[in-house]
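Chemist:
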Amino acid sequence: MSESSAETAVEAVRSAAATAAGNWRIAGVAGAAIGVVAAGAAAGVAIERMTVGRGMRRKARLALDSAGPYGALRGTPGKARADDGTELYYEVDDVEPEGGSAPRRRRLFGRKAPAPVTVVFSHGYCLNQDSWHFQRAALRGVVRTVHWDQRSHGRSARGMAQADGTPVSIDQLGRDLKAVIDAAVPEGPMVLVGHSMGGMTVMALADQYPELIRDRVVGVALVGTSSGRLGEVNFGLPVAGVNAVRRILPGVLKALGQQAALVERGRRATADLFAGIIKRYSFASRDVDPAVARFAERMIEGTPIDVVAEFYPAFTDHDKTKALARFAGLPVLVLAGVQDLVTPSEHSEAIAGLLPDAELVLVPDAGHLVMLEHPEVVTDRLADLLVRAGAVPAGATVGGYGSTSTAQPG
Numbered sequence: 005m006s007e008s009s010a011e012t013a014v015e016a017v018r019s020a021a022a023t024a025a026g027n028w029r030i031a032g033v034a035g036a037a038i039g040v041v042a043a044g045a046a047a048g049v050a051i052e053r054m055t056v057g058r059g060m061r062r063k064a065r066l067a068l069d070s071a072g073p074y075g076a077l078r079g080t081p082g083k084a085r086a087d088d089g090t091e092l093y094y095e096v097d098d099v100e101p102e103g104g105s106a107p108r109r110r111r112l113f114g115r116k117a118p119a120p121v122t123v124v125f126s127h128g129y130c131l132n133q134d135s136w137h138f139q140r141a142a143l144r145g146v147v148r149t150v151h152w153d154q155r156s157h158g159r160s161a162r163g164m165a166q167a168d169g170t171p172v173s174i175d176q177l178g179r180d181l182k183a184v185i186d187a188a189v190p191e192g193p194m195v196l197v198g199h200s201m202g203g204m205t206v207m208a209l210a211d212q213y214p215e216l217i218r219d220r221v222v223g224v225a226l227v228g229t230s231s232g233r234l235g236e237v238n239f240g241l242p243v244a245g246v247n248a249v250r251r252i253l254p255g256v257l258k259a260l261g262q263q264a265a266l267v268e269r270g271r272r273a274t275a276d277l278f279a280g281i282i283k284r285y286s287f288a289s290r291d292v293d294p295a296v297a298r299f300a301e302r303m304i305e306g307t308p309i310d311v312v313a314e315f316y317p318a319f320t321d322h323d324k325t326k327a328l329a330r331f332a333g334l335p336v337l338v339l340a341g342v343q344d345l346v347t348p349s350e351h352s353e354a355i356a357g358l359l360p361d362a363e364l365v366l367v368p369d370a371g372h373l374v375m376l377e378h379p380e381v382v383t384d385r386l387a388d389l390l391v392r393a394g395a396v397p398a399g400a401t402v403g404g405y406g407s408t409s410t411a412q413p414g
């Protein structure tokens, strides 16, 4: 992208924020541009690429919504309560024990059998627990898993502290994860898996509850995430464009968050114009299944603009580099897409550099949503981590993750 086109996009977003109260069309453009931020990018993208095929896109989106099975997996629901009273929604996929019910199998000769390993999945910014669809499908029946929605995302309630004006922090998300663990995994060993903001949440948990990591965590997977210095990410923009975005973005987000109802109306009305931009910042492959791309788009669309606004500043403040030491000596998987524009793979390399025993996997032709784009790679490496952590036996069969590629085998 040229500097002039980046500056044009930045100016469009600035103008949209300034006139949002009086012009729903411009507010809609701003809202959809913030949809790019919701994908984890920044609102500095060329507007001229978003203006073709409106009717065709709308029809395609409707068809994909009805055809795509992604995000349909459900487990046993539960609710945890955060320290500020926010209700957090989670689901558990239990493994049916051999030879009887769980309570019956948990006692052998009058002694309590060891609790099974539980894998706890934390999702990223402006996504929800369904973003782990392929991994969840593959692990069903193999290991106990917990999937939860971060505060203000998915089926969890809006953050109560944020209603009182308290900014979201990564530390708060770490405490939220602790509340979910207390409710859904009160005992037994765990493997913690986090993507993007979810990985930061896992780091915040380790920073605040080192004894939990020491006593109960047997493995960690950090996917497409960062331990800090996110303010230096350029999102694939030229220097002039990204500097302009950094200057105006906090104010733009604040203004749009204050006009949430208007912006949401406009964002829905113009959502079909921005599917290509969201795809650019989510995937790198050219042959991603359109239904998967649409699935990612729906998750991002489902995040209210004021939630986008209230979470964004937390990433600039995020620094959990020292907390990584809590994972030393554990089986750790660090995985990233080589073409990730949101949390560049260099950030994963930096994490692995501080954890020399970790397995570092860099996936070519993969973007930020690598677990949806290349589920076979992510699931394979995650299965290997679970074996190393003792969560599943070496002979266990983990499969059924499907493929997001439309390419036909040769």
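Using the working numbering, read the sequence shown as starting at 5 and increasing by one per residue. Yeah, the Cβ is synthetic: ideal placement off N, Cα and C, and Gly gets one too. Being a predicted model, the structure only gives us computed values, none of them experimental.
(1) Which stretch, first to last residue, makes up the alpha helix (DSSP H) that contains R385?
(2) Can you tell which of L359, P73 and G75 has the C-alpha that lies nearest to the C-alpha of A225?
(3) Would you kindly check if the distance between the Cβ of P81 and the Cβ of V99 is under 8 Å?
(4) Considering only the beta carbon of each residue, do A354 and L364 sit closer than 8 Å?
(5) Is D186 near A84, with beta carbons less than 8 Å apart?
(6) How is Y129 classed by DSSP in three states: helix, strand or coil?
(7) Buried or exposed: R78, going by 16 or more other Cβ atoms within 10 Å of its Cβ?
(8) In the DSSP output, what is R85 paired with across the bridge?
(9) What's the gap between the Cα of A210 and the Cα of V123?
(10) Where does A340 fall in DSSP's three states?
(11) State the Cα-Cα distance for the pair R111 and G399, rounded to the nearest angstrom.
(12) Between I174 and H322, is the Cβ-Cβ spacing less than 8 Å?
(13) Give the DSSP-derived three-state secondary structure of G399 in the structure shown.
(14) Helix, strand or coil for L148 per DSSP?
(15) How far does the alpha helix (DSSP H) with L234 in it reach, from first residue to last?
(16) So for E353, helix, strand or coil by DSSP?
(17) What is the DSSP secondary structure of E363, reduced to helix, strand or coil?
(18) In whole angstroms, what is the alpha-carbon distance linking L92 and D168?
(19) Please classify A332: is it buried, with 16 or more other beta-carbons within 10 angstroms of its beta-carbon, or exposed?
(20) Need the endpoints of the beta strand (DSSP E) that A225 sits in, please.
(21) Alpha carbon to alpha carbon, how far is A362 from R392?
(22) Compare the C-alpha of G128 against each of D291, L373, D369 and T149 and name the closest.
(23) Report all residues from its chain with a CB closer than 7 Å to the CB of E191; omit the five preceding and five following residues, and keep chain order.
(24) As a quick exercise: from M207, P308, R179 and I282, pick the residue whose alpha carbon is nearest that of V296.
(25) Rounded to the nearest angstrom, what separates L177 and N132 at their Cα positions?
(26) Distance, Cα to Cα, G163 vs T90?
Modeler: Result, derived from the coordinates:
(1) P379 to R392
(2) For the residues L359, P73 and G75, the minimum Cα distance to A225 belongs to L359.
(3) Not a contact, by the Cβ cut-off of 8 Å.
(4) no
(5) yes
(6) coil
(7) exposed
(8) E91
(9) 16 Å
(10) strand
(11) Because R111 sits at a pLDDT of 44, beneath the cut-off of 50, its placement in the model cannot be relied upon, and the following sentence gives the value as read from the coordinates. About 25 Å.
(12) yes
(13) coil
(14) One point to set straight first is that residue 148 is Arg, not Leu, in the sequence displayed. Shown here, R148 sits in a strand according to DSSP, grouped into three states.
(15) No alpha helix (DSSP H) holds L234; DSSP gives it neither H nor E.
(16) helix
(17) E363: strand per DSSP, three-state reduction.
(18) In a straight line, the C-alpha of L92 is about 18 Å away from that of D168.
(19) By the 10 Å Cβ count, A332 comes out exposed.
(20) V221 to V227
(21) 12 Å
(22) Distance check between G128 and each of D291, L373, D369 and T149 places L373 closest, using alpha-carbon atoms only.
(23) A119
(24) I282
(25) 14 Å
(26) 5 Å
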